[in-house]
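In what follows, a single structure is set out as structure tokens and then discussed.
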Amino acid sequence: MSTYTIHPIVMGSKVFDKGMMTYQYDYGTSYTIPIYCWYIEGGDKRILIDTGEMHPVISDDREQAIGGRIYTFEEGLARHGLKGEDIDVVIHTHLHSDHCENDYKCSNAVFYIHEKELETISNPHPLDYRYVEDFIFEIREANQIEVVTGDQELFPGISVMHTPAHTPGGMTVFIDTARGKTAITGFCVIRENFEPPIQIRAMEMEVIPPGTNINSYDSYNMMLKVRDMADYIIPLHEPEFAAVDSI
Numbered sequence: 052m053s054t055y056t057i058h059p060i061v062m063g064s065k066v067f068d069k070g071m072m073t074y075q076y077d078y079g080t081s082y083t084i085p086i087y088c089w090y091i092e093g094g095d096k097r098i099l100i101d102t103g104e105m106h107p108v109i110s111d112d113r114e115q116a117i118g119g120r121i122y123t124f125e126e127g128l129a130r131h132g133l134k135g136e137d138i139d140v141v142i143h144t145h146l147h148s149d150h151c152e153n154d155y156k157c158s159n160a161v162f163y164i165h166e167k168e169l170e171t172i173s174n175p176h177p178l179d180y181r182y183v184e185d186f187i188f189e190i191r192e193a194n195q196i197e198v199v200t201g202d203q204e205l206f207p208g209i210s211v212m213h214t215p216a217h218t219p220g221g222m223t224v225f226i227d228t229a230r231g232k233t234a235i236t237g238f239c240v241i242r243e244n245f246e247p248p249i250q251i252r253a254m255e256m257e258v259i260p261p262g263t264n265i266n267s268y269d270s271y272n273m274m275l276k277v278r279d280m281a282d283y284i285i286p287l288h289e290p291e292f293a294a295v296d297s298i
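The sequence shown begins at 52 in my numbering and counts up by one.
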């Protein structure tokens, strides 16, 4: 069985109300999240999970807030001796713009995207302004998209599960690592969502759903399912990985 190393690369950031991450909790608190691209090393293919922002804001205050450096797509890949055209595979957790703005630079990659995410980006609900269809124009025109229709193993030791918590076609990626089965969540959360403070646990809630979700009850249950399936969890926007070279 293949065992992989996950390299977190910060390729953007957002500053907003913390409640965008933690449903019904901690509203009114300013919070900075890193936006990651994850390079998966260990198999015979060069794999990325998401591609980050095209023009990330790089500033001292944002880097201090997340505890690590912010890179452009080119700078981030260069740390691992790579360029966009070297990437063989991109797996998308979802298609909100901050997760797919650099897709067109991966001109030789196959993109694994859930069918419901492709449907949604072409006809998004008015409440979800985060979809910008232009960012997948080039890869769709070049027939680079492999449509995912169900839970499946994509490569030995790498599988995806449909987890429509944050978006209709969100996919959690499970990767075999030295820590065991590691889950990169297909929904936008931080560590606190999986490890709530005592005042939340006192209300008999085991997890906090994503602050932006399509169904809070379903999202809660999906988080429990991911938690129980994984040996180690990587919440998609957790700042603790901003200064980490590998997992």
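We put the beta carbon where it would ideally sit given N, CA and C, even for glycine.
Please list the terminal residues of the continuous beta strand (DSSP E) segment that includes residue i.
{"i": "Phe67", "result": "56–68"}
{"i": "Ile118", "result": "Here residue 118 is Gly; the residue named in the question, Ile, does not match the sequence. Neither: Gly118 is in no beta strand (DSSP E) and is coded neither H nor E."}
{"i": "Leu169", "result": "Not the beta strand (DSSP E): Leu169 falls in the alpha helix (DSSP H), residues 166–173."}
{"i": "Ile100", "result": "98–100"}
{"i": "Phe225", "result": "222–228"}
{"i": "Phe206", "result": "203–206"}
{"i": "Glu136", "result": "Per DSSP, Glu136 belongs to no beta strand (DSSP E) and is neither H nor E."}
{"i": "Glu257", "result": "Premise fails: Glu257 is in no beta strand (DSSP E) and is neither H nor E."}
{"i": "Glu92", "result": "81–92"}
{"i": "Val211", "result": "209–213"}
{"i": "Ile298", "result": "Taken as a continuous stretch (DSSP letters only), Ile298 belongs to no beta strand (DSSP E), as it is neither H nor E."}
{"i": "Ala234", "result": "231–235"}
Given residue i, which residues of its chain have a CB within under 8 Å of its CB, disregarding the five upstream and five downstream residues?
{"i": "Gly221", "result": "Thr144, His145, His165, Glu168, His213, Thr214, Pro215, Gly237, Phe238"}
{"i": "Met273", "result": "Thr214, Pro215, Ala216, Phe238"}
{"i": "Ile117", "result": "Val61, Ser64, Thr83, Ile84, Pro85, Pro290, Ala293"}
{"i": "Ile251", "result": "Tyr76, Ile259"}
{"i": "Asn159", "result": "Glu136, Asp137, Ile138, Asp139"}
For residue i, is the classification buried or exposed, using 16 other Cβ atoms within 10 angstroms of its Cβ as the cut-off for buried?
{"i": "Asp101", "result": "buried"}
{"i": "Ser270", "result": "buried"}
{"i": "Ile249", "result": "exposed"}
{"i": "Glu170", "result": "exposed"}
{"i": "Phe67", "result": "exposed"}
{"i": "Met280", "result": "exposed"}
{"i": "Arg97", "result": "buried"}
{"i": "Asp95", "result": "exposed"}
{"i": "Val211", "result": "buried"}
{"i": "Ala193", "result": "exposed"}
{"i": "Thr223", "result": "buried"}
{"i": "Asp149", "result": "buried"}
{"i": "Tyr90", "result": "buried"}
{"i": "Glu104", "result": "buried"}
{"i": "Tyr268", "result": "exposed"}
Please name the residue, chosen from the options, that lies closest to residue i on a Cα-to-Cα basis.
{"i": "Glu114", "options": "Ile60, Val277, Pro248, Gly132", "result": "Ile60"}
{"i": "Tyr283", "options": "Asp112, Val224, Ala160, Thr233", "result": "Thr233"}
{"i": "Thr228", "options": "Asp149, Ser297, Arg252", "result": "Ser297"}
{"i": "Lys276", "options": "Ala294, Ala253, Phe292, Phe245", "result": "Phe245"}
{"i": "Pro177", "options": "Asp112, Ile265, Tyr87, His150", "result": "Ile265"}
{"i": "Ser64", "options": "Phe162, Glu92, His106", "result": "His106"}
{"i": "Gly79", "options": "Lys69, Tyr90, Ser53", "result": "Lys69"}
{"i": "Ile172", "options": "Ala160, Tyr74, Pro219, Ile142", "result": "Pro219"}
{"i": "Ser81", "options": "Met256, Ala253, Asp112, Ser53", "result": "Asp112"}
{"i": "Glu152", "options": "Glu92, Cys88, Pro207, Leu133", "result": "Cys88"}
Between residue i and the rest of its own chain, which residues show a CB-CB distance below 6 Å, the 5 nearest in sequence each way excluded?
{"i": "Ile241", "result": "Met72, Pro286, His288, Glu289"}
{"i": "Ile226", "result": "Tyr55, Ile209, Thr233"}
{"i": "Val295", "result": "Pro59"}
{"i": "His147", "result": "Arg181"}
{"i": "Ile109", "result": "Ile121"}
{"i": "Pro175", "result": "Tyr182"}
Should residue i be listed as close to the ligand HEM, given that the test is whether its C-beta is under 7 Å from any heavy atom?
{"i": "Phe238", "result": "Among the ligands in the structure shown, none appear at all, so the ligand HEM cannot be discussed."}
Please list the terminal residues of the continuous alpha helix (DSSP H) segment that includes residue i.
{"i": "Gln250", "result": "249–252"}
{"i": "Lys276", "result": "267–280"}
{"i": "Ile190", "result": "188–192"}
{"i": "Glu104", "result": "Looking at the DSSP string, Glu104 is not in any alpha helix (DSSP H), and its letter there is neither H nor E."}
{"i": "Glu197", "result": "Per DSSP, Glu197 belongs to no alpha helix (DSSP H); it is in the beta strand (DSSP E), 196–199."}
{"i": "Asn244", "result": "242–245"}
Leaving out five residues on either side along the sequence, give the residues of the same chain with a beta carbon under 7 Å from the beta carbon of residue i.
{"i": "Tyr122", "result": "Ile60, Val61, Met62"}
{"i": "Ile190", "result": "Asp154, Tyr155, Phe162, Ile196"}
{"i": "Gly231", "result": "Asp282, Tyr283"}
{"i": "Ser53", "result": "Gly93, Gly94, Pro207, Gly208, Asp227"}
Using a beta-carbon distance below 8 Å, is residue i in contact with chain D?
{"i": "Asp101", "result": "Note that chain D does not occur in the displayed structure, where there is just one protein chain."}
Hey, is the stretch 192–206 in contact with the stretch 251–268, meaning 3+ C-beta pairs nearer than 8 Å? no
Cβ contact check for the stretch 129–140 and the stretch 181–192: 3 or more pairs under 8 Å: no
Assess, as a yes-or-no matter, whether the stretch 186–196 is touched by the stretch 118–133 under the definition of 3 or more beta carbon pairs within less than 8 Å. no
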